[in-house]
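Undergrad: I have a structure I would like to understand better, so I am pasting it below and will then ask my questions one at a time.
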Amino acid sequence: MTPADRLARLIEAADRVVVFTGAGISTESGIPDFRSPGGVWSKMKPIYFQDFVASEDRRREAWTRTFTGTAGWTGRSPNAGHDAVARLVAAGKVSSVITQNVDNLHQDSGIPDDRVIELHGNASYATCLDCGLRHELHHLKPAFVERGEIPACRACGGIVKTATISFGQSMPLGPMARAEEETEACDLFLVLGSSLVVYPAAGFPLLAKRNGARLVIVNREPTEQDPYADLVLHEEIGPLMSRIVPPV
Ligand SMILES: [Zn+2]
41 MTPADRLARL
51 IEAADRVVVF
61 TGAGISTESG
71 IPDFRSPGGV
81 WSKMKPIYFQ
91 DFVASEDRRR
101 EAWTRTFTGT
111 AGWTGRSPNA
121 GHDAVARLVA
131 AGKVSSVITQ
141 NVDNLHQDSG
151 IPDDRVIELH
161 GNASYATCLD
171 CGLRHELHHL
181 KPAFVERGEI
191 PACRACGGIV
201 KTATISFGQS
211 MPLGPMARAE
221 EETEACDLFL
231 VLGSSLVVYP
241 AAGFPLLAKR
251 NGARLVIVNR
261 EPTEQDPYAD
271 LVLHEEIGPL
281 MSRIVPPV
């Protein structure tokens, strides 16, 4: 039996699968893996949360990056890997998708918002740091691009920031708690495209394993957690997952 066949069997035998995704599922959509050599963070420095809040200059730089697409976080389409995961969710096989990505591609592939748990936030919209109001980027862009106006909250005047979790910002409590619950409740934990090096997110696969779930890791490169997995595949996600969960 091939590794792909074994994965298909494990998915079939599982009652409740949690899918955990990282940059590797979105590189096939053309979104760069920002931690890799040549990735975003090797070309430009991250803007720390504290600096964003404290400095108008840093806010201006952050918004310039957002509106010029410099960071390349968003603006792409879901690929075959996202679509296969969406089919597993629609079939009732996958209870939720925990993602380290901020690109909104799981939602764009048709997975309901409440099934996607975002550990690092979302770069496709913004929120007010004071009152939490959501702001759409296309509403904020014209004033910034045409008049250099740094976005401020239309309700309270507070500082507005893309809804990502920045360096220096604490992990979001709600999503972290939900991710933990889902991880403990699953019987198969499927990692798709994460190098599993960024904690605390990278702690979930082992938590699943400790709770008796099967662990499968699909990633182009080996990960430190490969030795703990029941099955490891070093393959491209889109082609693999489309074979396992073919389009209907
Ligand atoms: Zn506000």
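Heads up: the sequence shown begins at 41 in our numbering, then just goes up one per residue. No residue lacks a Cβ here, since even glycine has one placed at the ideal position from N, Cα and C.
For ligand 1, which residues count as neighbours when the test is a C-beta closer than 6 Å to any heavy atom?
TA: Checking every Cβ against the heavy atoms of ligand 1 under 6 Å gives C168, D170, C171, L173, C193, A195, C196 and G198.
Undergrad: Suppose the cutoff is 8 Å on Cβ atoms and the five residues either side in sequence are ignored; what does the same chain contact list for E264 look like?
TA: Within the same chain, E264 has close Cβ partners L236 and V237.
Undergrad: So what does DSSP say about K181, is it helix, strand or coil?
TA: It is helical.
Undergrad: What does L255 pair with, by DSSP beta-bridge criteria?
TA: Per DSSP, F229.
Undergrad: Compare the Cα-Cα distances from R260 to each of D143, T67 and D91 and report the closest residue.
TA: Among D143, T67 and D91, the Cα nearest to that of R260 is on T67.
Undergrad: Skipping 5 residues on each side, what residues in its chain have a beta carbon closer than 7 Å to that of V285?
TA: Once the five neighbours on either side are set aside, the close Cβ partners of V285 are A124, R127 and L128.
Undergrad: Any idea if K85 is buried or exposed, counting beta-carbon neighbours within 10 angstroms, 16 or more meaning buried?
TA: Result: exposed.
Undergrad: Count the other C-beta atoms from every protein chain shown that fall within 10 angstroms of the C-beta of E221, then say buried if there are 16 or more, exposed otherwise.
TA: Classification for E221: exposed.
Undergrad: Spell out a yes or no on whether the segment 269 to 279 and the segment 166 to 176 are touching, meaning 3 or more CB-CB pairs, one atom from each, closer than 8 Å.
TA: Counting Cβ pairs under 8 Å, fewer than three are found: no touch.
Undergrad: Check the DSSP bridge columns for L273 and list the partner residues they point to.
TA: Per DSSP, V258.
Undergrad: Tell me, please, whether the segment 173 to 193 touches the segment 90 to 110 by the rule of three or more beta-carbon pairs shorter than 8 Å.
TA: Short answer: they touch.
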